[in-house]
Amino acid sequence: MTNTMCLVGTIVIICLVELIVSRDVHDHYEHSLRRGGHRGFHQEQHHQYNNINHNSKHSSNSNYHHQTYCGRQVKFYEKSPHHTKRTGHHHQPRVETIAMKHKRHYGSQHQRANGSSSSSSSSTTTTIHHYPPLDWTLDASADGHHQTLVALQDDDPSLATAGLKPPKHGISVWPVKREAVVEGDLILGGLMMVHSREDSVTCGPIMPQGGIQALETMLYTLDKINEQGLVPNVTIGAHILDDCDKDTYGLEMAVDFIKGSISNIDDINDYDNCSKGHKKKIISGVVGAASSVTSIQVANLLRLFKIPQVSFFSTSPELSNKQRFEYFSRTIPSDHYQVKAIVDIVQKLGWSYISIIYEESNYGIKAFEELDDLLSKHSICIAVKEKLVKDSGVADTIAYDNIVLKLLTKPRAKGVIIFGSDQEVAEVMKAVRRQNVTGVFSWIGSDGWSARNLVSDGNEAEVEGTLSVQPQANPVLGFEDYFLNLTVINNKRNPWFVEFWENNFQCKYPNSPYTPYNKDYKQVCSTTEKLAKGDLDFEDQLQFVSDAVMAFGYAFKNMHQELCRGKPGLCDAMNPTKGSELLKYLRKADFIGLSGDRFNFDVNGDGPARYNIIHFKQVAPERYKWIKVGEYYQGELRLNMQDIQFRTKDSMPPESVCSRPCERGQAKKYVEGEGCCWHCFNCTQYQIRSPNDETHCVNCPRGTLPDVYHEECQQIPESYLRPESFLAIGAMTFSSFGILITFFVIGVFLKHNDTPIVRASGRELSYVLLSGILLCFGVTYTLVIKPNDIVCGVQRFWSGFSFTVVYAALLTKTNRIARIFNASTKSAKRPSFISPHSQLVICGILVSFQILINAVWMIVSPAHAMHYYPTREDNLLVCNSYTDASYMIAFFYPIFLIVICTVYAVLTRKTPEAFNESKYIGFTMYTTCVIWLAFIPLYFGTANNVQLRIFTMSMTISLSATVTLVCLFSPKLYIILIRPERNIRQSMMPIRYSTINKTTGSAQSSVMAAVIVTAATCNENEKVIKSTSNENIPAAY
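Read in order, the letters of the sequence shown correspond to residues -22 to -1, 1 to 1015 in mature numbering (1 follows the signal peptide of the UniProt record, and there is no 0).
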């Protein structure tokens, strides 16, 4: 049921198309009658084609006459003015319409019948339609009355001998539908652009390259296929029509291809009784059309009847959509690849600012859309984008002048891409010459107009330098010789060949019908002219036409092998062929064509993406030529720049940029509304151009500086106190000397460990004190090592801990002395915790506070190495405590101990001479305070110089240790080493406590006795006998 409805709907569509066509012709004819009557009508005939004939047997007073047509007499009526007057214009158009509607078919059937009868013995018959088969005309009777004559005749050269000469201005309706028919068992339709487009009439002049040569290539390839017997005992024929490079006219012509598919319904079965016995053959497939616009229209029609179509020049990417164009294939690659090749050429030339002119058709619009997308991905800007009207005649010259003027508004865009057809581009080149801007622009052309004489002839200077992309094609072997040997006489199967002949030799062929393009030829062809290679330009892409025919040939072959099992002739499975089945074999076709290249369709039914890059250059004075300068294959562009010459003696490509690239490190400020126009500006001292945004400058991170070009930030070398530096060597030398002295003192003390002076000085605390001094000297080595997390932790703990050990021991000593003398003034009881063991415990408790502080600090703020940037040009590798005052936490507790020791030193300054070690402790504290008071401003003042800061800290710690070592241990070393005779108990207590008056003894005197036994003295060199007012103490010791 569905199929029946589709069939009925299709029949209705065809009837409507035919009705519209017939009505258009009728309206055109009626309008001519209204415009100028008899005289005006004859003037209108100058734009029509068939010859005008008057029947010599027709009498002036008869209103009809008989003429043999399709083997029978057909009556045609004449209408006089008075009859028309009575009935209006109703009946006359009906007669005219019938004549116009049926003239093509009557002639076609008549000639087919003649051809069939004359060639019945041949399996392949050629039907010749050399001239238009039908004519109709108007003439005036002798008495001046207007008469309408509907006449039909065979336009045959024999008419000349019969005395029926065409009138001087006898040009009938243009165009007249013609067809080249090659009989065969399987028929291929052909839709060729034999004529070019024209605005004033439906079809323009003959197209020698893309039209006649393409048609002859199809016929030549069919000859080769049939000669080879590609399909056993099956001949392949053709039914070729002209679409005049117009989509609407091409669609009208394509209706013929589907008539056989709808039960041989004919467009004139209401009137043509002679055609009822004729059965139209089904078109198995269609070769064409050339134009993408026409192919889209035709593909939509053929898809309804499942007729495969193979185009040879249609390149629109839209046709690759198999959901819409399931039965469409092509031997030429899609413009999708052509666009890629063009963009690669633009990049190769270094262009970033170009203009685009594109045809206002599917071919141009789809290409522009892909160009726009691809160019933007490669940061190439479009300065001007202009549309070309598809039919060149529709636009006035002012339209093309305006396009050129628009290009001139962007003078920096020297490169122009043109996606269009030859006729439109030819008008653009003429406009370039009119505007006197020849040589200003450099063109990149699409395959629609490159290498076409229509564009370059007469416009050589304007086209010079053009680079174009053309699908790669090789010559069809043998075709050139075949074509050069053709003449009007031996090429009867091409009904348009006489027009080509006249166009090529610029003469009127004898007895040929008048056309709008041969009526002005004054020279008559001799018929002996010969086509010469030097006078012809062969179309470079004829391989695609041949491959399209060969693809059908191999599809028929494979289909025949599988369905007919190799049985010669057509089997029932292929009579007729099913379009859906044929399409499967067509897409799988794989063969070596007549050009010698292997061909097969890709997944989209497109030809392989192979392109030649051609260039139009001046090869000699006043001699220009298209030459190959590269190729594009499988996505790779290979371009020989040495062969490219954009202008005579100028091989350098023109510059097509809006703004020159900024210097290295400069940023861009874009001109408003322009994507490729900008101004350049420099970044500041510490900035680089943003790598992600060329319009902005960004600051370099801390620790880095811009390179000389302000393109990238470079790391500033790390700065820290290196062991090989002068300051580090000085600090380590001083510390090393202190360490040696300390070890020397320790050795002396160990050697004289049991001597009175060592015992009197408090051996245990002295060793603790010497250990602390040794640690202080050792801090320097941790400070000059390259910082890392471990080193930073060691520095933080060691520096504070070493001081704490020193001053905890000193505090314990001064506290012991102070407590002893304070107790002696109050009671005779011996103070507690003055034993050596107690003193060590007290010292250990004091040190433990520092350990606790460090532990908490490490937990709260772990030590780690870091980069510190006090200024933009510094990159200091330091421990995190150095960056602020937090490092003073390590010294806070030791400083507290120093202050307490100093206070005790002041309190014990008046002790007796024999107990004056407190004086040296006091001197040590005073000196230490001075050193640390000087260190604090130095530490914070050298924040920008880490080396000096660390050196200052190292020297401060070492000086403090040195002062302590010298002040406290040098007197003892003096006695031990230089005055050993004083290293006796009596020297420690010169007058024994026994001389003291026991009766007058008091608590104070007993405490003093204990002090004499246990106290240490700072100055053993002197023996001072003092007189005191205290009568309980002797005058001298």
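No residue lacks a Cβ here, since even glycine has one placed at the ideal position from N, Cα and C.
Relative to the C-alpha of residue i, which residue among the options is closest?
i	options	result
T920	H674, I795 and L854	L854
Y759	G716, E600, M844 and W474	G716
T195	I334, V433 and G456	G456
residue 1060	V382, L383, I735 and M866	The chain is shown from -22 up to 1015; residue 1060 falls before or after that span and cannot be answered.
G778	L824, D671 and M170	L824
H815	I829, F827 and R794	R794
F291	N481, V466, V410 and F522	F522
A526	S289, V466, D313 and S273	S289
I360	Y336, A533 and N380	Y336
Is DSSP giving residue i helix, strand or coil here?
i	result
K606	strand
Y648	strand
R390	coil
A373	coil
T555	coil
D234	helix
D628	strand
N677	strand
T682	strand
G228	helix
F577	strand
Q519	coil
R588	strand
H356	coil
R308	strand
So, for residue i: in the same chain, excluding its five sequence neighbours on each side, which residues have a beta-carbon less than 8 Å away from its beta-carbon?
i	result
Q191	F461, F516, E517 and L520
Y305	A277, L280, R281, K284, I285, P286, Q287, G557 and L561
Using the beta-carbon count (16 or more within 10 Å), is residue i buried or exposed?
i	result
A833	exposed
Y687	exposed
C770	buried
M537	buried
F870	exposed
A268	buried
L166	buried
K486	buried
F478	buried
Q187	buried
I812	buried
D374	exposed
A598	exposed
Report all residues from its chain with a CB closer than 7 Å to the CB of residue i; omit the five preceding and five following residues, and keep chain order.
i	result
E750	Checking the displayed sequence, the identity of residue 750 turns out to be Gly instead of Glu. These residues qualify, in order along the chain: S780, V783, V784 and A787.
R616	G608 and E609
K146	Interpretation of K146 is limited by its pLDDT of 44, a score under 50 that renders its predicted location unreliable; the figure taken from the coordinates is listed afterwards. So no residue of the chain qualifies.
F483	C503 and E507
K384	V362 and E364
S524	T195, T199, V454, G571, L572 and S573
L432	D400, Q401 and A404
T792	C879, Y882, A883, T886, S896 and I899
residue 1036	Only positions -22 to 1015 of the chain appear in the structure, and residue 1036 is not among them; the question remains open.
In chain order, what residues of the same chain have a beta carbon less than 6 Å from the beta carbon of residue i, not counting five sequence neighbours either side?
i	result
S339	V271 and K368
S932	A709, T758 and L761
I681	Ile is not the amino acid found at residue 681; the sequence shown has Gly there. Same-chain partners within the cutoff: I694, H845, Y847 and N853.
P554	I260
W835	I867
C181	P153, H173 and C222
L752	T720
E438	Y602
K535	L208 and V209
A796	Y882, L885 and T886
Counting only runs that start and end within the segment 156 to 216, where is the alpha helix (DSSP H) found for 4 or more residues in a row? 192 to 206
Complete runs of the beta strand (DSSP E) confined to the segment 401 to 480 [at least 3 residues]: 420 to 423 and 445 to 449
Tell me the start and end of each unbroken alpha helix (DSSP H) in the segment 845 to 925 that is at least 4 residues and wholly inside, in chain order. 867 to 885 and 895 to 919
Taking the runs of the beta strand (DSSP E) that are 3 residues or longer, which of them lie wholly in the segment 774 to 849? 843 to 846
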